[in-house]
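Chemist: In the working numbering, the protein residues as written are 331 to 715.
#1: Would DSSP call residue 699 helix, strand or coil?
#2: Rounded to the nearest angstrom, how far is the Cβ of residue 674 from that of residue 405, given a contact under 8 Å?
#3: Since residue 407 is in the beta strand (DSSP E), which residue starts that stretch and which ends it?
#4: Please classify residue 451 as buried or exposed, where buried requires at least 16 neighbouring CB atoms within 10 angstroms.
#5: Going by DSSP, what residues sit across from residue 598 in a beta bridge?
#6: Out of 713, 440, 520 and 623, state which residue places its alpha-carbon closest to the alpha-carbon of residue 645.
#7: Looking only at its chain, what residues have a beta carbon closer than 8 Å to the beta carbon of residue 634, apart from the 5 residues adjacent to it on each side?
#8: From the DSSP output, in three-state form, read off residue 620 for me.
#9: Unbroken alpha helix (DSSP H) runs of length 4 or more, entirely within the stretch 644–681: which are they?
#10: In three-state terms, what does DSSP make of residue 343?
#11: Do you know how far the Cα of residue 688 is from the Cα of residue 616?
#12: With a Cβ-Cβ cutoff of 8 Å, do residue 503 and residue 536 count as a contact?
#13: Compare the C-alpha of residue 591 against each of 631, 377, 517 and 526 and name the closest.
#14: Please classify residue 418: does DSSP put it in a helix, a strand, or coil?
#15: Please state the DSSP three-state secondary structure of residue 536.
#16: Which residue or residues does DSSP assign as beta-bridge partners of residue 689?
#17: As a quick exercise: from 548, 478, 370 and 398, pick the residue whose alpha carbon is nearest that of residue 690.
#18: Can you name, in chain order, every residue of its own chain whose Cβ lies under 8 Å from the Cβ of residue 430, other than the five neighbours on each side?
#19: Quick one: is residue 377 buried, meaning 16 or more other Cβ sit within 10 Å of its Cβ, or exposed?
#20: Could you tell me whether the Cβ atoms of residue 391 and residue 371 are closer together than 8 Å?
#21: Just to confirm my understanding: we take residue 360, look at its own chain, exclude 5 residues before and 5 after, and list those with CB closer than 7 Å. What are they?
#22: Determine whether the beta carbon atoms of residue 670 and residue 437 lie at a separation below 8 Å.
#23: Can you tell me whether residue 543 is buried or exposed? The criterion is at least 16 other CB atoms within 10 Å of its CB, across all chains shown.
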């Protein structure tokens, strides 16, 4: 929430709002009528917060309400869920959405894919610093054979993958998802040439995560049959991850070749995304059962050598990694990390605060900084321990 009487004013509202705030505030006394202040909290705003949220109830209700009211300045929030110390602290949905609505992950799926790879590494079926099982890269003289699994996870493969293009169809992601690569996305992505020495530079890429999804399928089955490949991955996900977490709503999409679209297309309810966040907060365990080694979770949250704001398919709260305004001071603990998706999908996890925050909706890039500022207002209501 932005307070009009704060002695530190952040000029993120239109000039008329700022002038009105200054006229009645602490900075320019006596120049007009006192400001009206924020509107009273509605019954819906108050009902969104539990009686023991772990933070001042009215303040939390106000912060949550801001996200749903200011659609012009922040975009459309469709679902907001705050978990503190393992319990729901706040939960609210926009009209037309509810606790049973599945929301698209977009790139939040990348963090799920990283957990799958971690399980296969823990099983001894993959090795972090080996070249992964991709046949065309293993041909004699192919320089892509130098790419390691670690480099793929940290988005530093060196492959020519351009996430955004101008015009859009020049984007490697668009070509893979919708144009010439759509029927066998991983085949298209892995066929791209190197543009840099493997490991040398960071380049965020949905294509890279689809390659990781194919690697997982290659480990789980030797079959080329699309249905068999889908079934092998689906069974693994349900028995090793989604089932133990109780993520019953999760729906994963596959391409025509049977490869999981692990960089962008998973669907689940806000509560199930919160379960995934809580699993991450607990270091890869649920109800005392360690599903993936804590060491792997530490790896996912450790800065890449080429990007301090990114771990292994996971965004870190440093150097403005989590869609923060680079012109403003950092906010929230530097141990906070996130799964982030296109148009403002977030699972924010802060172990020190025993906090998981899920925000799902539709916010363009022009309002993303302001929206993340609002999310950080919620984060900062909770003390670090």
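The beta-carbon is built from N, C-alpha and C at its ideal position, and this holds for glycine as well.
Modeler: Taking the definition as stated:
#1: Reduced to three states, the DSSP call for residue 699 is helix.
#2: Between residue 674 and residue 405 the beta-carbon gap is near 6 Å, inside 8 Å, which marks them as a contact.
#3: Per DSSP, residue 407 belongs to the beta strand (DSSP E) from 406–414.
#4: buried
#5: 433
#6: 440
#7: 484, 485, 486, 532, 640, 641 and 642
#8: strand
#9: none
#10: Interpretation of residue 343 is limited by its pLDDT of 38, a score under 50 that renders its predicted location unreliable; the figure taken from the coordinates is listed afterwards. Coil, per DSSP.
#11: 18 Å
#12: yes
#13: 517
#14: Looking at residue 418 - three-state DSSP - the assignment turns out to be strand.
#15: helix
#16: 410 and 676
#17: The shortest CA-to-CA distance from residue 690 to any of 548, 478, 370 and 398 is the one to 398.
#18: For residue 430, where only same-chain residues beyond five positions count, the Cβ hits under 8 Å are 579 and 599.
#19: exposed
#20: yes
#21: Residue placement at residue 360 cannot be trusted, given a pLDDT of 44 that sits under 50; what the coordinates show is reported in the next sentence. For residue 360, where only same-chain residues beyond five positions count, there are no Cβ hits under 7 Å.
#22: yes
#23: buried
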